[in-house]
Amino acid sequence: MSVRRWFLYFILLFPVFVFAEGTRTIAILFDVSKSIPPNQFQQAKEAVAQTIQQGAPGETISIYAFGDSLRKVDPADLRNLQAVESNTMMFDALYDVARELAETKADRKAIWIISDGIDTKSVTVLEDAVAFANQNGISVYGVGVGKVNRKSLERIVRLTGGKLVEENEPDWLGQLQTAVGTQKEVTKKEPPVEARSGTPVTTAPAVVAPPVSRPVEQKKPFPYFWVAAFVVAGALLGAILFVISRSFRDERRICPTCGKRLEAYQTICPDCTGADTKQTRKPKVGGEDTNPLEPGEEELIPVELLEKKPMSEEDLSKTYVLLLTPMLVVRKGKNLGQTFSLNRAFPVSMGRSRVNEIHLDDVTVSGQHCRIIPEDGKNVLYDLGSTNGTYVNDKRVNKAVLKEGDTIKVGETQFLYKVEQHRN
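The numbering of the sequence shown is the working numbering, which starts it at 130 and goes up by one.
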């Protein structure tokens with residue numbers, strides 16, 4: 130072959146070697162859940178079909194659908210794809226498709242996610258899928274359709290170097306294709322080099338930075354003045370409290386008549402009132418009253434009998450306070466005879482779920498059936514939108530102020546509302 134022909138081949142093939150973009154693999158993921166509006170879903174399918182027809186040389190495009198599960202879709206069946214599934218597994222789909230792209234030999238790898246960004250079924254978390262995509266040089270691009278959860282989609286594309294567009298934006302497909310066209314090649318990551326036995330490993334000498342001269346900080350003087358002021362103020366406050374306590378302790382009660390000091394339990398001087406105490410009636414003899422009262426005459430009772438006698442601390446400690454406690458007593462149902470005390474300060478819920486304070490093992494009772502709330506000293510019953518309703522005195526209620534003796538019916542369980550006294 131002559132030199133002229135070699136030179137001609139070189140001129141013809143030079144642009145190919147210089148300007149070729151290499152191979153690219155794109156995986157397009159369609160969200161086929163019911164949350165995607167049908168008209169926007171149809172527009173997205175038409176845009177993807179146009180992208181496949183205008184595919185550049187060396188570009189491979191594959192289509193996937195994710196909803197209740199992930200499946201690959203043949204481009205010929207794209208027109209029959211419908212958004213009718215109940216759940217969305219976006220993170221699982223992203224992770225599984227990224228694993229398939231990681232095994233390809235393309236120079237550039239990208240994933241398009243056409244979704245509203247709402248995930249309801251995935252086991253994989255967003256961080257796992259993003260970390261795997263970054264490890265294998267895969268960029269993720271988002272196309273928001275419907276009522277878009279921008280926080281979820283934008284986080285994915287930012288962490289993987291992609292771009293987020295919304296279908297209602299003008300020329301969104303052109304923006305997406307431009308962003309994909311400027312994607313960088315996948316960086317080939319070399320495995321870490323292990324040091325072999327007998328082979329010295331050379332390391333660069335450490336560069337020691339010169340010491341930085343810092344100004345010497347002067348220590349602040351200890352605030353002796355404020356400490357002394359605090360001590361003096363505390364001493365004055367203690368003295369004032371001591372004088373006040375002594376004034377209460379030394380309070381003396383003196384009889385104004387004889388000047389005798391009275392004890393704490395005495396209200397009237399016994400010496401001065403003893404002489405004034407008269408008995409206007411003679412005691413009964415043989416059960417008969419021998420000295421009846423004259424008209425207008427009153428019977429006087431000795432004052433000593435009305436005075437309180439001194440009591441010891443032991444006697445005082447035996448006095449109990451009676452408290453009123455509202456209670457629910459099961460009169461009908463599985464827990465027949467069981468009693469539940471109601472809290473006087475906090476609400477009490479009842480239902481089939483174990484999160485309730487009163488748990489009822491009754492299939493006719495809702496998970497959270499009703500709640501009793503203390504309001505202004507009374508207990509008010511609220512129905513929490515239960516399936517079978519709440520009845521007070523055989524009447525279905527949404528709200529009722531409970532009174533002594535009311536019957537409450539919850540499912541197949543009947544309660545009696547009562548208030549009991551108990552010692553505190």
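Beta carbons are placed, not taken as given, at the ideal position from N, Cα and C, and that holds for glycine. Computed from a predicted model, the values in this text were never measured in an experiment.
Status (buried if at least 16 other CB within 10 Å, exposed otherwise) for residue i
i	result
Thr331	Model confidence at Thr331 stands at a pLDDT of 42, short of 50, so the residue's coordinates are unreliable; what they give is reported in the following sentence. Exposed.
Ser268	buried
Tyr270	buried
Cys499	buried
Lys538	buried
Asp160	buried
Ala185	exposed
Thr516	exposed
Cys398	buried
Glu214	buried
Arg208	exposed
Ala258	buried
Val360	exposed
Asn472	exposed
Ile501	buried
Lys292	buried
Thr307	exposed
Phe195	buried
Leu366	exposed
Cutoff 6 Å; reference residue i; Cβ partners in own chain excluding five residues on either side
i	result
Val458	Thr468 and Leu545
Asp512	Cys499, Thr519 and Asn527
Ala529	Leu510 and Val521
Ala227	Phe261, Ala262 and Ile267
Ile242	Leu158 and Gly271
Lys201	Tyr193
Ser281	Gly246
Pro166	Gly275
Gln304	Val294
Pro476	Arg500 and Ile502
Helix, strand or coil at residue i [DSSP, three-state]
i	result
Asp512	strand
Ser281	helix
Phe371	helix
Leu293	strand
Gly462	coil
Trp135	Bear in mind that a pLDDT of 44 at Trp135, under 50, signals an unreliable position, so the number given afterwards is only what the model happens to contain. In this structure, Trp135 counts as helix in the three-state DSSP scheme.
Lys407	Here Lys407 scores only 43 on pLDDT, less than 50, and its place in the model is too uncertain to base an answer on.
Cys398	coil
Glu256	helix
Phe475	coil
Met456	strand
Gln543	strand
Asp85	Nothing in the structure corresponds to residue 85, since the chain is present only between 130 and 553.
Lys174	helix
Gln199	Note that residue 199 is Leu in the sequence shown here, rather than Gln. Note: Leu199 maps to strand in three-state DSSP.
Gln169	helix
Ile247	coil
Arg481	coil
Gln497	coil
Pro204	helix
Gln264	helix
Gly271	strand
Gln467	coil
Gln312	coil
Glu549	strand
Glu298	coil
Thr154	strand
Presumed contact (8 Å Cβ cut-off) between residue i and residue j, rounded CB distance
i	j	result
Lys238	Gly266	6 Å
Val484	Gly540	So it is not a contact: roughly 17 Å between Cβ atoms.
Lys461	Gln550	About 25 Å separates the two Cβ atoms, so there is no contact after all.
Leu489	Met479	6 Å
Leu453	Val548	5 Å
Ala178	Ile240	In fact, because the Cβ distance is near 18 Å, the residues do not count as touching under 8 Å.
Lys463	Asp505	Not really, about 34 Å apart at Cβ, beyond 8 Å.
Close Cβ partners of residue i (< 7 Å) along its chain, the five nearest in sequence each way excluded
i	result
Asn297	none
Asn278	Asp245, Gly246 and Ile247
Asn508	Pro455, Leu471, Ile501 and Leu531
Pro557	The structure shown does not extend to residue 557, since the chain is modelled only from 130 through 553, so no value can be given for it.
Thr152	Gly187, Ala235 and Asp236
Pro503	Arg473 and Ala474
Ala176	Leu302
Val286	Val269, Tyr270, Gly271, Lys292 and Leu293
Gln312	Arg237, Ala239 and Ser268
Chain D contact for residue i (CB, 8 Å cutoff)
i	result
Phe475	No chain D is part of this structure, which consists of one protein chain only.
Contact set for residue i: own chain, Cβ-Cβ below 8 Å, skip 5 residues either direction
i	result
Ser198	Met218
Phe146	Note on Phe146: pLDDT 39, under 50, position unreliable in the model; the coordinate value appears next. There are no such residues.
Phe533	Per the sequence presented here, residue 533 reads as Glu, with Phe not at that position. Cβ neighbours of Glu533 beyond the five flanking positions: Tyr546, Lys547 and Val548.
*Should the region 206–219 be regarded as contacting the region 236–252, the criterion being three or more beta carbon pairs within less than 8 Å?*
Result yes; three or more Cβ-Cβ pairs closer than 8 Å.
*Does the region 168–175 come within contact of the region 187–195, defined as at least 3 CB pairs closer than 8 Å?*
Taking 8 Å as the limit for Cβ pairs, the verdict is that the region 187–195 does not touch the region 168–175.
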